[in-house]
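Structure first, commentary second.
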Amino acid sequence: MEARENWRSRWGFVLAAAGSAVGLGNLWGFAYKASQGGGAAFLMIYLLIVFIVCIPVLIAEMVLGRSTGKSPLIAPVVAAGSQWRPLGLLFVVASCGILSFYAVLMGWTLDTFFHSFFFGLPNNLDEAKLFISSVSKGSSVFLGQLASLFLTAAVVASGIRNGIEKLARWSMPFLFGVVILLAIWSATLPGAISGYQEFLLKWDTSEFLNPETIRLAFGQAFFSLSLGIGIIVAYSSYLNRNNQLPKEAFWISGLDTSVGILAGMITFPIIASFPQVKEVVGGDFVDTLFVALPTGLSSLGLTGQIISVLFFGLIFIAGLTSAISLLEVPVSSLIDQFGFTRSKAISLCTALIFIIGIPSALSSKTLGTVATYMDILLLLGGFVISILMGWFVTRKFDEDLANSNSNLRVRKYTKFMLRWVCPPAIAFGLIMSIIDVL
Ligand code: PHE
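Each residue of the sequence shown is one higher than the last, beginning at 21 in the working numbering.
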């Protein structure tokens, strides 16, 4: 068996975890979901969930990974006994399920990137519709999906330090820089204010009780933070004691949330500024990003083309740093459980994930359905993790955090939240989600 690696530095871990968190979910999902009607209510519920519910669960996942030093499949069993085996299985199933459709979306992004680069942008809606159907249908979809999975596998094959950590260190600062630049550029557009108002600030009190808004906010919070799926367990199993986990959890969620909001500040002004694209927004879920945006940008000529290339390149890289974290879950699990070599585990998982992604590649409706159910699995995972770490693994939990010098008050707060607040809150989100989906 290969020796277990660890992170080169504290920031390597934080950036890799933030890299997992920041992805298509922020750059496209957040804006899309906020525009589904929830507006400001969605944003507020989302922020509340992140800071009240998700941060304690994030810390719990970190402790589970670091204190056991095991992969997500095995960590719950090592921490609390074999009756927790189903949680490990849920992690593996959910991460393969998410990566199966995530790779398809990455493929569309890659395709849009190349299209914008080589052929320019669509000039009107008809051209835009042709553009998206050439991106989301036919053989180019499989090509994009395969290329994305292949790149993901290549990074994971280089290991923790030389693959995952290195990519995160290079790409994350670049990504933050480009997101900020694009948000500033968007703010100068004529429709900037009405864009913010229409989507992010749209106020409707009844949305607070709308099961759909609640489902979208819960799902988005967990999806965006890569929570409830064992990714943080996997990444934390390569940690040593130097990291003060609560602090890292704040960093990761702060970075992730900022990128989500900045992404909204990029897309909404563009959509509001170009009247010809307004009519497509609110239609099929791919339209906002893959039709409205390139079409709007086309009216700016070369500037628009450059922005589009930058934006879709950025989304792809953000997707890649998330996809590698998804692949690391089943890969590290196979290595730990069966003593596979890294490369054998990677080949097996990548092939399997490609196959289960075929239905999503063939139909964007199926893709949407798979994504909705996966959000529910994340909530279920988060619920079980808070019960496990709040009620069953309490000694190890305290010891692990105490050993890394974290503040006593923060520790007490986290434990209280994990016991009394997270389980009922997540259960509520889970029930609302199931009601809404049915
Ligand atoms: N957090 C990633 C994003 O926002 C997606 C993801 C979800 C990655 C779940 C890992 C686990 O795009």
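All C-beta atoms, glycine included, are put in the ideal place defined by N, C-alpha and C.
Beta carbon of Phe403: closer than 7 Å to some heavy atom of ligand 1?
-> Not one heavy atom of ligand 1 falls within 7 Å of the beta-carbon of Phe403.
Ignore the nearest five residues each way along the sequence and tell me which others in Glu268's own chain have a CB closer than 6 Å to its CB.
-> Val34.
From the DSSP output, in three-state form, read off Lys222 for me.
-> Lys222 falls in the coil class under three-state DSSP.
Contact set, ligand 1 heavy atom to C-beta under 6 Å = That query returns the following residues: Ser40, Ala41, Gly43, Leu44, Gly45, Asn46, Ile118, Phe243, Ser244, Ser246, Ile249, Ile251, Ser342, Ser345, Leu346.
Could you give the DSSP three-state label for Tyr258: helix, strand or coil?
-> Secondary structure at Tyr258: coil, using DSSP grouped into helix, strand and coil.
Three-state secondary structure (DSSP) of Phe360 = In the structure shown, Phe360 sits in coil (DSSP, three-state: anything other than H, G, I, E or B).
Asp418 versus Val253: straight-line alpha-carbon distance, rounded = Between the alpha carbons of Asp418 and Val253 lies a gap of roughly 17 Å.
Below 8 Å between beta carbons: does that hold for Leu438 and Trp104?
-> Leu438 is not a Cβ neighbour of Trp104, given a cutoff of 8 Å.
Near Ile152, what residues of its chain come up, given a Cβ to Cβ distance below 6 Å and the 5 sequence neighbours on each side ignored?
-> Excluding residues within five positions, the ones whose Cβ falls inside 6 Å are Phe310, Val311.
Gln56 to Trp223, Cα distance in whole Å?
-> Distance between the alpha carbons of Gln56 and Trp223: 13 Å.
Grouping DSSP H, G and I as helix and E and B as strand, with all else coil, what is Ile94?
-> Correct three-state label for Ile94: coil.
In the structure shown, what three-state DSSP assignment does Lys157 receive?
-> In this structure, Lys157 counts as coil in the three-state DSSP scheme.
Burial state of Asn182, where buried means 16 or more other Cβ atoms lie within 10 Å = Asn182 comes out exposed.
Beta-carbon proximity list for Ile180, same chain, < 6 Å, skipping 5 on both sides = The answer, listed in chain order, is Glu25, Tyr258.
DSSP three-state assignment for Leu275, whether helix, strand or coil | Note: Leu275 maps to helix in three-state DSSP.
Could you spell out where the alpha helix (DSSP H) holding Ile407 opens and where it closes?
-> First-last of the alpha helix (DSSP H) with Ile407: 384-407.
Between which two residues does the alpha helix (DSSP H) carrying Gly64 extend?
-> Reading the sequence as shown, one finds Met at residue 64 and not Gly. Looking at the DSSP string, the run of the alpha helix (DSSP H) that includes Met64 is 59-68.
Just the Cα atoms here: how many angstroms apart are Thr233 and Glu147?
-> Computed Cα separation, rounded: 33 Å.
What three-state label does DSSP hand Ile290 in the structure shown?
-> Looking at Ile290 - three-state DSSP - the assignment turns out to be helix.
Would a C-beta distance cut-off of 8 Å place Val351 and Ile375 closer than the cut-off?
-> No, the Cβ-Cβ distance between Val351 and Ile375 is not below 8 Å.
Short Cβ contact (8 Å threshold) for Pro92 with Ser424 = Cβ distance not < 8 Å, so Pro92 and Ser424 don't count as in contact.
Report the rounded CA-to-CA distance for Ser278 versus Met285, giving the unit in angstroms.
-> The alpha-carbon atoms of Ser278 and Met285 are separated by roughly 10 Å.
Measuring CB to CB, does Phe62 end up less than 8 Å from Ala237?
-> In this structure, Phe62 lies near Ala237, with their beta-carbon atoms less than 8 Å apart.
Alpha-carbon to alpha-carbon, Pro443 and Ser406 | Per the coordinates, the alpha-carbon of Ser406 lies some 6 Å from the alpha-carbon of Pro443.
Alpha carbon to alpha carbon, what distance is there between Ile94 and Met21?
-> At Met21, the pLDDT of 47 sits below 50, so the modelled position is not reliable; the number obtained from the coordinates is stated separately. Counting only the Cα atoms, Ile94 lies some 16 Å from Met21.
CA-CA distance, Ser40 and Asn260?
-> Their backbone Cα atoms lie some 19 Å apart in a straight line.
Rounded straight-line distance, which links the Cα of Glu348 to that of Ile251 | For Ile251 and Glu348, the distance between alpha carbons rounds to 8 Å.
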